[in-house]
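Participant:
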Amino acid sequence: MANNNYKVIGLMSGSSLDGLDIAYCNFEVNDGKVTWQLLEKETVKFDPKWTARLAHLPVQSARVLAQTHAYFGRYMAELVNGFIKKNNIAPDLIASHGHTIFHEPERYFTTQIGDGAALAALTGITTVCDFRTQDIALAGEGTPIAPAADRYLFSGYDFYLNIGGIANITSNLGGKYIAFDTSPANQVLNLLANEMGMPFDLNGEIARSGIIIPELMEELNAVDYFHKKYPKSLDNNWIRQYIFPIIQNNNSEIADKLHTYTHFIAIQIKESIGRIFEQESRALSSDTSKVSGDKKYRMLATGGGVFNQFLIEQIQAECRLFSVEIVLPEKEIIEYKEAILMGLMGVLRMESLPNCFSSVTGAEMDTIGGAVYFRQT
């Protein structure tokens with residue numbers, strides 16, 4: 001593309017398996033600065049067969065994985081074509097995260113399925129995908145990638161929190177972007193709500209009715225991941241293997257488990273902010289208490305977990321220790337920030353600008369990630 005203006009469809013399929021988020025945005029890039037507008041958006045619920053297939057794919061054969069990668073690309077293309085027709089739009093670019101099946105950066109691999117070639121072929125639109133692998137090849141975590149949006153689209157905050165299936169935090173203290181996964185989030189809360197026949201705990205009201213289970217909190221706090229220094233990231237299969245059993249093997253009332261785990265998410269966010277202050281204090285001040293005590297900080301919160309009122313109350317209560325105030329943006333930003341992010345990631349790839357940052361992932365250098373499947377004419 002010769003100009004610096006892009007109309008982009010960003011696609012995000014997250015660990016909560018609630019559907020495909022589609023965001024149609026206009027991005028304008030001038031001298032490395034980005035202006036943007038969200039034009040259309042929609043979440044297309046997955047067919048139940050797709051939900052089940054994606055959930056069970058990590059334990060299937062290599063052949064099934066390869067087939068699903070191809071079929072999921074074609075399925076997304078079908079959904080995108082429907083979105084384009086419905087909204088009468090003409091995108092220049094598609095940028096797709098795909099759906100994460102494996103994420104093991106310590107073993108130098110990650111897998112997001114959803115064939116970009118199929119997306120490009122069946123929509124007739126240049127497609128960018130596979131954003132994480134180059135960073136991992138350079139010894140990075142490959143995630144979180146949210147700091148690209150935090151840097152280019154939502155500047156002006158000290159912290160950025162996204163609460164999806166996994167909660168992650170970004171900080172911008174002293175102009176240095178740092179980000180990492182703090183804990184599993186909605187996927188654990190939804191697991192418990194499902195046991196009561198509900199898709200999720202609306203507003204956190206079931207959790208609110210419960211009480212803390214000390215032994216469950218102690219067992220969760222003992223898990224090694226929560227004591228590791230960043231950079232670090234979580235894998236959904238690791239969560240199913242190590243966190244789900246802790247929750248499921250506890251025989252307490254579900255409301256009490258929901259209350260405990262909601263509080264645990266909030267505590268891990270507070271602890272993460274504390275670690276950031278501690279590890280970055282030398283660059284900011286020789287006195288850590290000064291860094292965290294004398295200034296008021298603002299944290300932009302997005303993701304589906306933001307609609308859990310009890311969870312947000314718990315996070316705000318915990319974060320008062322560091323004078324951090326939670327700021328909630330417009331509803332459409334809360335819901336579609338990750339799909340918007342994917343559109344931005346594709347634009348940065350086409351503009352040859354870094355979209356994955358070594359200060360976040362621990363890679364050897366910043367990278368311009370993404371495989372490009374050009375429109376065939």
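Each residue of the sequence shown is one higher than the one before, starting from 1 at the first, in our numbering. Built from N, CA and C at the ideal position, the CB exists for glycine as well. Please read all numbers here as calculations on a predicted model, not as lab measurements.
Exposed or buried, what is K49 when buried is set at 16 or more other beta-carbons lying within 10 Å of its beta-carbon?
Facilitator: For the purposes of this step, residue 49 is taken as the residue at position 49 of the sequence shown. With fewer than 16 other Cβ atoms within 10 Å, it is exposed.
Participant: For the alpha helix (DSSP H) that contains H97, what are its first and last residues?
Facilitator: Working through the sequence shown from its first residue, we reach residue 97 at position 97. Here H97 belongs to no alpha helix (DSSP H), and DSSP marks it neither H nor E.
Participant: Fully enclosed by the segment 134-198, which alpha helix (DSSP H) runs are 4 residues long or longer?
Facilitator: 147-152 and 186-194
Participant: Compare the C-alpha of A52 against each of I101, F357, K85 and F131 and name the closest.
Facilitator: Reading the sequence shown from its first residue, position 52 is the one you call residue 52. It is I101.
Participant: Is any non-hydrogen atom of the ligand MN found closer than 7 Å to the C-beta of G304, if you look at the structure I gave you?
Facilitator: As far as ligands go, the structure on display features none, and thus does not contain the ligand MN.
Participant: Buried or exposed: where does S233 fall if 16 or more other Cβ atoms within 10 Å of its Cβ makes it buried?
Facilitator: Numbered from its first residue, the sequence shown carries residue 233 at position 233. Buried, by the Cβ-count rule.
Participant: Just to confirm, are K270 and L321 a CB contact at a threshold of 8 Å?
Facilitator: One-based indexing of the sequence shown puts residue 270 at position 270. One-based indexing of the sequence shown puts residue 321 at position 321. Closer than 8 Å, so yes.
Participant: Look up N308 in the DSSP assignment and say whether it is helix, strand or coil.
Facilitator: One-based indexing of the sequence shown puts residue 308 at position 308. In this structure, N308 counts as coil in the three-state DSSP scheme.
Participant: How long is the line joining the alpha carbons of E215 and A255, rounded to whole angstroms?
Facilitator: Position 215 of the sequence shown, counted from the start, is the residue given in the question as residue 215. Position 255 of the sequence shown, counted from the start, is the residue given in the question as residue 255. So the alpha carbons of these two residues sit roughly 15 Å apart.
Participant: Determine the DSSP secondary structure at V223, reduced to helix, strand or coil.
Facilitator: Indexing the sequence shown from 1 puts residue 223 at position 223. Coil at V223, not helix or strand.
Participant: Go ahead and pull the three-state DSSP assignment for L17.
Facilitator: Start at 1 with the first residue of the sequence shown, and residue 17 comes out as number 17. Three-state result, L17: coil.
Participant: Assuming the contact rule is C-beta atoms closer than 8 Å, F310 and T260 should be a hit. Round their C-beta distance to whole Å, please.
Facilitator: As a working mapping, residue 310 is identified with position 310 in the sequence shown. As a working mapping, residue 260 is identified with position 260 in the sequence shown. Incorrect: roughly 12 Å between the Cβ atoms, too far for contact.
Participant: Do the segment 176-187 and the segment 145-156 meet, that is, are 3 or more Cβ pairs less than 8 Å apart?
Facilitator: yes
Participant: Would a C-beta distance cut-off of 8 Å place I213 and N250 closer than the cut-off?
Facilitator: Translated into positions along the sequence shown, residue 213 becomes position 213. Translated into positions along the sequence shown, residue 250 becomes position 250. Result yes, Cβ atoms of I213 and N250 sit closer than 8 Å.
Participant: To the nearest angstrom, report how far apart I246 and N221 are at their CA atoms.
Facilitator: Sequence index remark: in the sequence shown, residue 246 carries index 246 (1-based). Sequence index remark: in the sequence shown, residue 221 carries index 221 (1-based). Note on geometry: alpha-carbon atoms of I246 and N221 lie some 11 Å from one another.
Participant: Reducing DSSP to helix, strand and coil, say where T43 ends up.
Facilitator: Within the sequence shown, the letter at position 43 stands for residue 43. Three-state result, T43: strand.
Participant: Kindly indicate if chain C contains any beta-carbon less than 8 Å away from that of V188.
Facilitator: Protein chain content of the structure displayed is limited to a single chain, and chain C is not contained in it.
Participant: Could you check what DSSP says for Q248 in three-state terms: helix, strand or coil?
Facilitator: Here residue 248 refers to the residue found at position 248 when the sequence shown is read from its first residue. Q248 falls in the helix class under three-state DSSP.
Participant: For H103, collect the residues of the same chain with a Cβ closer than 6 Å to its Cβ; drop the 5 residues on either side in sequence, then sort them by chain order.
Facilitator: Here residue 103 is taken as the residue at index 103 of the sequence shown, counted from 1. Same-chain partners within the cutoff: T110 and D235.
Participant: Once you ignore the five residues that flank K290 on each side, which residues in its own chain have a CB closer than 8 Å to its CB?
Facilitator: For the purposes of this step, residue 290 is taken as the residue at position 290 of the sequence shown. In this prediction, K290 scores a pLDDT of 45, lower than 50, which makes its location untrustworthy; no coordinate-derived value is stated.
Participant: In terms of residue numbering, what span does the alpha helix (DSSP H) encompassing V64 cover?
Facilitator: As a working note, residue 64 is residue 64 in the sequence shown. Run containing V64: A62 to N87, per the alpha helix (DSSP H) assignment.
Participant: So, is S292 buried or exposed, given that buried needs 16 or more other C-beta atoms within 10 angstroms?
Facilitator: For the purposes of this step, residue 292 is taken as residue 292 along the sequence shown, with counting starting at 1. Here the model assigns S292 a pLDDT of 49, short of 50, so the residue's position is not dependable, and the following value carries that caveat. Buried: at least 16 other Cβ atoms inside 10 Å.
Participant: F131 to H97, Cα distance in whole Å?
Facilitator: The residue given as residue 131 occupies position 131 in the sequence shown. The residue given as residue 97 occupies position 97 in the sequence shown. Straight-line Cα distance between these residues: approximately 7 Å.
Participant: Would you give the residue range spanned by the beta strand (DSSP E) that I413 belongs to?
Facilitator: Nothing about residue 413 can be reported from this structure: the residues present for the chain run from 1 to 377 only.
Participant: So the candidates are A118, L65 and K331; which of them puts its Cα closest to the Cα of A371?
Facilitator: Counting from one through the sequence shown, the residue named residue 371 turns up at place 371. It is A118.
Participant: Between the C-alpha atoms of T288 and E278, what's the straight-line distance to the nearest angstrom?
Facilitator: Within the sequence shown, the letter at position 288 stands for residue 288. Within the sequence shown, the letter at position 278 stands for residue 278. Its pLDDT being 47, under 50, T288 is placed unreliably by the model, and the measurement read from it follows with that caveat. C-alpha separation (whole angstroms): 6 Å.
Participant: Tell me whether D47 is buried or exposed, calling it buried when 16 or more other Cβ atoms sit within 10 Å of its Cβ.
Facilitator: For this step, residue 47 is matched to residue 47 along the sequence shown. That one is exposed.
Participant: Does DSSP put E215 in a helix, in a strand, or in coil?
Facilitator: Taking the sequence shown and counting its residues from 1, the one referred to as residue 215 is at position 215. Of the three classes helix, strand and coil, the one that applies to E215 here is helix, per DSSP.
Participant: When DSSP labels each residue in this structure, what does A207 get in the three-state scheme?
Facilitator: Position 207 of the sequence shown, counted from the first residue, corresponds to residue 207. A207: helix per DSSP, three-state reduction.
Participant: Is DSSP giving E280 helix, strand or coil here?
Facilitator: Position 280 of the sequence shown holds residue 280. Helix, per DSSP.
Participant: Go ahead and label F27 buried or exposed: buried means 16 or more other beta carbons lie within 10 angstroms of its beta carbon, across all protein chains shown.
Facilitator: Here residue 27 refers to the residue found at position 27 of the sequence shown. F27 comes out buried.
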